[in-house]
Amino acid sequence: MTPDPPVLEQQRASALYFRDEYQPNVEKIKFTQDGSRGGLGAPWRANAIATVAGDDYFVIIGPDTGPAFVGGTGRPPEPLPPAPNLPLTVVYSDGTSEVFE
Numbered sequence: 045m046t047p048d049p050p051v052l053e054q055q056r057a058s059a060l061y062f063r064d065e066y067q068p069n070v071e072k073i074k075f076t077q078d079g080s081r082g083g084l085g086a087p088w089r090a091n092a093i094a095t096v097a098g099d100d101y102f103v104i105i106g107p108d109t110g111p112a113f114v115g116g117t118g119r120p121p122e123p124l125p126p127a128p129n130l131p132l133t134v135v136y137s138d139g140t141s142e143v144f145e
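Its first residue numbered 45, the sequence shown is counted upward by one per residue in the numbering used here.
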């Protein structure tokens, strides 16, 4: 079995996948843990807080899987047409951050 890419690469890919495939209006994603595989054959995933329209949602996201919404915060509203060039701030589990335009 091939080892997983480094954690920050996995987190970056997860954040962009969440934005591109599920929630184009996400403003910020803050990872609250490094992430891991849940078991043999399970996909890599990490816990994070996604900010959409100013509200925070607890999510579990991965680079190749749909999101799970946890913690009683519910699901974000259906995405409206995204504003052009809406920036996404990603705060990684090590405290570093990156902005995607």
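We treat Cβ as the ideally placed atom computed from N, Cα and C, and that holds for glycine.
These numbers were taken from a predicted model, which means no experiment stands behind them.
Taking C-beta atoms under 8 Å as the contact rule, Pro-120 and Gln-67 qualify, at a distance of about 6 Å. The closest CA to that of Ala-86, considering only Pro-50, Thr-117, Gly-106, is found on Gly-106. Taken through DSSP and simplified to helix, strand or coil, Glu-145 comes out as coil. DSSP lists Trp-88 as the bridge partner or partners of Arg-81.
Scanning the segment 106-143 from its first residue to its last, the whole beta strand (DSSP E) runs of 3-plus residues come out as 112-114, 132-135. In the three-state reduction of the DSSP assignment, Asp-64 falls in the helix class. Counting the other CB atoms within 10 Å of its CB gives Gly-98 a total below 16, which places it among the exposed residues.
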